[in-house]
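Right, one structure below, let's go through it.
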Amino acid sequence: METKSPETKTYDGNCHCGAFKFTVKLPPKPYHTCNCSICSKNGYIGIWPLGDEDFTIHQGKGSLTKYQFGNKSLEHYFCPKCGSSIIGRMSDPRPGADIGLNIRMLKSFNEYFEANKHDNPPINFADVEPLYQTPPFPAHPDAETLPADQKIYNGNCHCGAVTYAVKTTPLEEQKVMNCNCSLCSRNGDLWIYPPKSAVILRGGENLTDYAFLSKESLHSFCKICGSSVLVRVSEEAGGECPVNVRTIDGVDLASLTLQNYDGAKNDPQYEV
Numbered sequence: 001m002e003t004k005s006p007e008t009k010t011y012d013g014n015c016h017c018g019a020f021k022f023t024v025k026l027p028p029k030p031y032h033t034c035n036c037s038i039c040s041k042n043g044y045i046g047i048w049p050l051g052d053e054d055f056t057i058h059q060g061k062g063s064l065t066k067y068q069f070g071n072k073s074l075e076h077y078f079c080p081k082c083g084s085s086i087i088g089r090m091s092d093p094r095p096g097a098d099i100g101l102n103i104r105m106l107k108s109f110n111e112y113f114e115a116n117k118h119d120n121p122p123i124n125f126a127d128v129e130p131l132y133q134t135p136p137f138p139a140h141p142d143a144e145t146l147p148a149d150q151k152i153y154n155g156n157c158h159c160g161a162v163t164y165a166v167k168t169t170p171l172e173e174q175k176v177m178n179c180n181c182s183l184c185s186r187n188g189d190l191w192i193y194p195p196k197s198a199v200i201l202r203g204g205e206n207l208t209d210y211a212f213l214s215k216e217s218l219h220s221f222c223k224i225c226g227s228s229v230l231v232r233v234s235e236e237a238g239g240e241c242p243v244n245v246r247t248i249d250g251v252d253l254a255s256l257t258l259q260n261y262d263g264a265k266n267d268p269q270y271e272v
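What follows is the structure in structure tokens.
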């Protein structure tokens with residue numbers, strides 16, 4: 001008896017700023033999460049593999065920035081305006097297995113995620129050679145006089161062009177902000193809110209600032225690899241420097257205590 005393939009459905013998607021828009025044909029199938037260095041830092045939730053015939057670009061063809069690392073078997077593409085990480089493309093594709101899609105870019109991401117929810121563990125690509133090497137981190141001036149209730153964490157974008165050291169309460173004692181607004185949900189951002197004086201940044205010139213809702217709070221991502229690193233807040237807007245916990249070196253994401261925030265309900269509603 002012939003087994004029927006599951007019916008596909010067409011979904012609309014886009015980067016956050018809308019410079020890149022697409023449709024994709026997807027069957028009901030489990031999405032993938034992965035513990036490799038880039039999936040962890042950039043928050044990918046992937047559908048893999050897909051054929052080029054299933055992915056149609058309607059706007060922004062040729063506009064995405066390409067990033068490769070390691071053995072360069074995969075090309076990662078992100079929007080250079082807003083930092084949304086959209087697709088991965090095999091450097092040596094096979095028929096029907098050309099690309100992988102970050103389903104966070106789907107307009108109906110929440111619906112697809114819930115309909116295909118599963119308990120499968122993340123794919124273990126963290127141990128694949130060559131192993132990811134962290135860059136040198138800046139020294140924190142408070143390292144020698146650190147209070148007992150504080151800890152210094154080092155972090156970086158994936159390519160290492162942007163690094164930082166942050167003094168904060170131990171992560172296990174904090175609630176980490178998990179916001180479902182249109183931007184944070186696309187990036188998979190997880191936030192802590194140390195004061196600006198507690199963050200020592202190196203390579204800030206390699207960050208691209210993206211204004212969402214307010215020009216006083218600029219979401220900043222690496223222009224080379226697309227990692228969402230921090231938010232640059234103006235002096236008038238406040239004294240905090242929100243840091244994306246995903247970019248902290250060695251962070252155990254599963255151990256974090258998350259505080260869910262319904263940013264999606266706030267007006268003005270997201271449109272693109």
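Quick note on UniProt numbering: the sequence shown kicks off at 1 and runs consecutively.
The beta carbon of each residue, even a glycine, is placed where N, CA and C say it ideally should be.
Residue i versus residue j - alpha carbon distance
i: Y132; j: N71; result: 11 Å
i: W191; j: S217; result: 14 Å
i: H32; j: D249; result: 22 Å
i: L64; j: M90; result: 15 Å
i: M1; j: Y112; result: With a pLDDT of 37 at M1, under the threshold of 50, the modelled position of that residue is not reliable, and the figure given next carries that caveat. When rounded, the distance between both Cα atoms is 30 Å.
i: D98; j: C159; result: 24 Å
i: E75; j: G88; result: 5 Å
i: Q150; j: A165; result: 13 Å
i: S85; j: N244; result: 15 Å
i: C225; j: Q68; result: 8 Å
i: G239; j: E172; result: 23 Å
i: C157; j: D54; result: 31 Å
i: residue 353; j: T145; result: Summary: the structure shown does not reach residue 353, with the chain confined to residues 1 through 272, and so no result is reported for it.
i: R202; j: R232; result: 14 Å
i: P268; j: C17; result: 15 Å
i: W48; j: D142; result: 45 Å
i: P135; j: N206; result: 15 Å
i: T208; j: H219; result: 8 Å
i: G96; j: P27; result: 14 Å
i: S40; j: S234; result: 28 Å
Where residue i falls, given that 16 or more other Cβ within 10 Å makes a residue buried
i: H118; result: exposed
i: L230; result: buried
i: N266; result: exposed
i: V162; result: buried
i: V272; result: exposed
i: P242; result: buried
i: K223; result: buried
i: N260; result: exposed
i: N124; result: exposed
i: P194; result: buried
i: G62; result: exposed
i: S255; result: exposed
Three-state secondary structure assigned by DSSP to residue i
i: F221; result: strand
i: N206; result: helix
i: T8; result: coil
i: E2; result: Annotation note: pLDDT 43 at E2 (below 50); position unreliable, coordinate value reported separately. It is coil, neither helix nor strand.
i: D52; result: helix
i: I45; result: coil
i: T134; result: coil
i: F109; result: helix
i: S214; result: strand
i: N102; result: strand
i: K265; result: helix
i: T33; result: coil
Nearest-angstrom beta carbon gap, residue j and residue i [assumed within contact, 8 Å]
i: G155; j: T247; result: 4 Å
i: S227; j: F221; result: 6 Å
i: L101; j: G46; result: 7 Å
i: Q59; j: K21; result: 4 Å
i: N35; j: A126; result: 5 Å
i: K175; j: T257; result: 5 Å
i: R104; j: G188; result: 6 Å
Nearest candidate by alpha-carbon position, reference residue i, set the options
i: F109; options: V162, C181, N120, F125; result: C181
i: K29; options: L50, F69, A126; result: L50
i: D52; options: T23, C39, Y44, F69; result: T23
i: A19; options: P170, C79, G239; result: C79
i: P122; options: E172, L253, P268; result: L253
i: C179; options: A264, A211, L201, R202; result: A264
i: residue 273; options: L183, Y77, I57; result: Nothing can be reported for residue 273: it is not among the residues displayed for the chain, which extend from 1 to 272.
i: V128; options: E235, I38, E205; result: I38
i: I57; options: D12, C184, R186; result: D12
i: R186; options: S40, T8, E7, Y44; result: Y44
i: A148; options: F137, M177, T169; result: T169
i: D262; options: P138, L183, E7; result: L183
Cβ-heavy atom distance, residue i to the ligand GTP, below 7 Å
i: P93; result: This structure simply doesn't include the ligand GTP, nor any ligand for that matter.
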